[in-house]
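J.: In numbering that gives the first Met the number 0, the protein residues as written are 0 to 91. One structure is given below, represented as structure tokens, and several questions about it will come after.
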Amino acid sequence: MKEVVIVSGSRTAIGNFGGGLKTVSVVDLGSLVMKDTLKRVNLKPVPSQEMEDIAPDTLKGKGVIELEKKGYDWDDAATPIAIDEVIMGNVL
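In structure tokens form, the structure reads like this:
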């Protein structure tokens, strides 16, 4: 197992049922939090070797593809980090 590190914390806005966040999907809200957290500590996500090994041949070696460019605004000077799993939510 590789070293596990909590790099920072971030949270979403708190909304009311049927309020201003009702049109924001859970995926979009979660990705905003993840991106904010990583940018705050100057990290950028990169695929791990394991992820590259299972990627379709048509995507291997392509770098950032057209689909990813929409959301790709990472600082090239940021430290790369491979993210294997993300667990979000409240743990009691």
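For every residue, glycine included, the Cβ atom is placed at its ideal position computed from N, Cα and C.
(1) Drop a sphere of 10 angstroms on the beta-carbon of Leu58, count the other beta-carbons inside from all chains shown, and report buried for 16 or more, exposed for fewer.
(2) Would you tell me roughly how many angstroms separate the C-alpha atoms of Thr36 and Asp56, rounded to the nearest one?
(3) Leu42: buried (16+ other C-beta within 10 angstroms of its C-beta) or exposed?
(4) I need the boundaries of the alpha helix (DSSP H) containing Ile53, first residue and last residue.
(5) With a Cβ-Cβ cutoff of 8 Å, do Gly29 and Leu20 count as a contact?
(6) Kindly indicate which three-state DSSP category Thr57 falls into: helix, strand or coil?
(7) With distances taken Cα to Cα, identify the nearest neighbour of Ala81 among Ile64, Ser47, Glu51 and Val63.
(8) Can you tell me which residues form a DSSP beta bridge with Leu20?
T.: According to the structure shown:
(1) Exposed, because fewer than 16 other Cβ atoms sit within 10 Å of the Cβ of Leu58.
(2) Cα to Cα, Thr36 sits roughly 31 Å from Asp56.
(3) With 16 or more other Cβ atoms inside 10 Å of its own Cβ, Leu42 counts as buried.
(4) First-last of the alpha helix (DSSP H) with Ile53: Gln48 to Ile53.
(5) For Gly29 and Leu20, no; Cβs fall outside 8 Å.
(6) Thr57: coil per DSSP, three-state reduction.
(7) Selected option, being the one with the closest Cα: Ser47.
(8) Note: Leu20 is not bridge-paired with any residue in the DSSP secondary-structure output.
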